[in-house]
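Participant:
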Amino acid sequence: MSYPDSIRVIQVPCTGRVDVIHLMEAFQKGADGVYVVGCLEGECHYYTGNLRAKKRVQYTKKILDEIGIGGERLEMYNIAASDGPRFSQVAKEMDEKIRALGPSPIRTALQKIHAARQAGVNVETS
Amino acid sequence: MIVAERKPLEEIIGFIKDYKKILLVGCNECVTVCYAGGKKEVAILASALKMAFLKEEKELEVKEVTLERQCDQEYLEEIRSIVDQYEAIVSMACGVGVQFMAEKYQTMPVYPALNTLFMGGAEEMGVWAERCQGCGQCVLGQTAGICPITRCAKRLLNGPCGGSTKGHCEINKDVPCAWQLIIDRLKALGKLDDYDNLMPIKDWSAERSGGPRKIVREDLRQ
Numbered sequence: 001m002s003y004p005d006s007i008r009v010i011q012v013p014c015t016g017r018v019d020v021i022h023l024m025e026a027f028q029k030g031a032d033g034v035y036v037v038g039c040l041e042g043e044c045h046y047y048t049g050n051l052r053a054k055k056r057v058q059y060t061k062k063i064l065d066e067i068g069i070g071g072e073r074l075e076m077y078n079i080a081a082s083d084g085p086r087f088s089q090v091a092k093e094m095d096e097k098i099r100a101l102g103p104s105p106i107r108t109a110l111q112k113i114h115a116a117r118q119a120g121v122n123v124e125t126s
Numbered sequence: 127m128i129v130a131e132r133k134p135l136e137e138i139i140g141f142i143k144d145y146k147k148i149l150l151v152g153c154n155e156c157v158t159v160c161y162a163g164g165k166k167e168v169a170i171l172a173s174a175l176k177m178a179f180l181k182e183e184k185e186l187e188v189k190e191v192t193l194e195r196q197c198d199q200e201y202l203e204e205i206r207s208i209v210d211q212y213e214a215i216v217s218m219a220c221g222v223g224v225q226f227m228a229e230k231y232q233t234m235p236v237y238p239a240l241n242t243l244f245m246g247g248a249e250e251m252g253v254w255a256e257r258c259q260g261c262g263q264c265v266l267g268q269t270a271g272i273c274p275i276t277r278c279a280k281r282l283l284n285g286p287c288g289g290s291t292k293g294h295c296e297i298n299k300d301v302p303c304a305w306q307l308i309i310d311r312l313k314a315l316g317k318l319d320d321y322d323n324l325m326p327i328k329d330w331s332a333e334r335s336g337g338p339r340k341i342v343r344e345d346l347r348q
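Here the protein sequences come in this chain order: A and B. Numbering follows our numbering, in which position 98 of the first sequence is assigned residue number 98; successive positions increment by one, without gaps. Numbering follows our numbering, in which position 124 of the second sequence is assigned residue number 250; successive positions increment by one, without gaps.
1) Between R86 (chain A) and A248 (chain B), what straight-line distance do the alpha-carbon atoms span, to the nearest angstrom?
2) What does a CB cutoff of less than 7 angstroms around R107 (chain A) pick up in its chain, not counting 5 residues either side in sequence?
3) Any Cβ of chain E within less than 8 angstroms of the Cβ of M127 (chain B)?
4) In this structure, how does DSSP classify L40 (chain A) when only helix, strand and coil are distinguished?
5) Chain A partners of K165 (chain B), CB-CB under 7 angstroms?
6) Between C295 (chain B) and the ligand SAM, is there a pair consisting of the residue's CB and a ligand heavy atom that are separated by less than 7 angstroms?
7) Under 8 angstroms between C-beta atoms, does I170 (chain B) make it to chain A?
8) Residues in the same chain with beta-carbon distance under 6 angstroms from C261 (chain B), minus the five sequence neighbours each way, listed in chain order, please.
9) May I ask you to list, following chain order, the residues of the region 298–331 of chain B that have a beta carbon less than 9 angstroms from some beta carbon of chain A?
10) So A109 (chain A) contacts chain B; which residues on that side make the cut at Cβ distance below 7 angstroms?
11) Examine chain B for any beta-carbon lying closer than 8 angstroms to the beta-carbon of K112 (chain A), and answer yes or no.
12) Would you verify that the beta carbon of V12 (chain A) is, or is not, closer than 8 angstroms to some beta carbon of chain B?
13) Excluding five sequence neighbours on each side, which residues of the same chain lie with their C-beta closer than 8 angstroms to the C-beta of I7 (chain A)?
14) Using a C-beta to C-beta distance shorter than 8 angstroms, which residues of chain B count as neighbours of I21 (chain A)?
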């Protein structure tokens with residue numbers, strides 16, 4: 001059982017800990033896609049952590065749509081902690097979906113700005 | 127509290143599209159409580175604006191600050207030493223804060239990030255409702271603590287009108303009839319006789335229609 005090496009796992013005690021700003025900053029730093037994996041609905045150890053995360057993901061998707069990054073780059077999945085095969089399957093699905101969407105425009109822009117700086121070009125910001 | 131909500135990002139981006147460095151200022155009072163313009167919302171907006179600029183291959187420097195209040199001169203003074211380092215201020219306060227900011231920093235462009243909506247409270251988490259219109263002559267003492275100026279679509283002082291049906295207002299079935307609420311509560315308080323006391327014509331000059339209002343307390347004034 002494996003998952004694509006493009007995926008970086010960030011552990012949190014509960015998806016209820018994931019806030020909008022955490023998701024935003026992942027994209028701001030150049031992530032092409034982000035997905036939150038919580039416990040099955042109704043089985044949260046803290047009762048509603050994964051339901052809160054679901055709403056925050058939906059809210060963040062709207063912001064990403066508003067700024068043209070694309071809300072489809074962010075998803076929420078609910079997978080039982082014991083269901084390794086499903087975790088692996090979702091990782092592959094998400095990897096394929098993001099590859100199909102292509103690089104995030106933020107990552108592309110960050111790379112261009114970084115390359116220009118390396119070349120000593122003064123990047124005009126407006 | 128004053129209840130507000132964030133403007134569409136497109137509108138905010140339109141304000142600042144020609145700047146490179148902005149000061150994004152939140153407010154720790156009402157707009158923090160209604161999740162519109164507190165420290166958390168400042169961080170989210172800063173991130174969104176930076177990404178919107180990056181998408182166009184431009185960089186935007188955003189300094190995030192959240193003041194205790196933007197409707198008080200002393201707190202606005204706290205940013206005086208850094209204001210000059212930025213080209214514009216985006217305020218996440220209510221309209222009062224935005225105007226106080228603009229008055230305080232005369233040469234600095236100041237833009238609102240919020241639409242200020244009403245004076246109200248949280249009926250439940252995530253739901254805010256209007257409760258006061260600041261009419262300047264409170265009638266709650268005669269209306270069992272329920273405001274007909276705010277909650278009756280017609281602002282009737284002696285209601286209900288004929289549009290009240292099964293306890294709801296004709297403008298929307300989800301809006302309770304304020305006068306039904308008043309009568310029900312007067313009954314519950316054993317004060318239904320008070321309903322027979324007709325309210326006199328209200329002095330609307332104390333309300334906004336009398337022009338912008340101001341109070342002066344000579345005992346406090348310096």
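Think of the CB as a built atom: it goes at the ideal place given N, C-alpha and C, for glycine as much as any other residue.
Facilitator: Walking through what the data contain:
1) 40 angstroms
2) G30, D32
3) Although the question refers to chain E, the structure presented lacks it and instead comprises the protein chains A and B.
4) coil
5) Neighbours of K165 (chain B) on chain A: none; closest Cβ ~10 angstroms, over 7 angstroms.
6) Within the structure as shown, the ligand SAM is missing, as the structure has no ligands at all.
7) yes
8) I275, E333
9) none
10) L180, K181, E183
11) yes
12) False, the Cβ-Cβ gap to chain B never drops below 8 angstroms.
13) A91, M94, D95
14) I21 (chain A) reaches chain B at K166, A169, I170, S173, counting residues in chain order whose Cβ is nearer than 8 angstroms.
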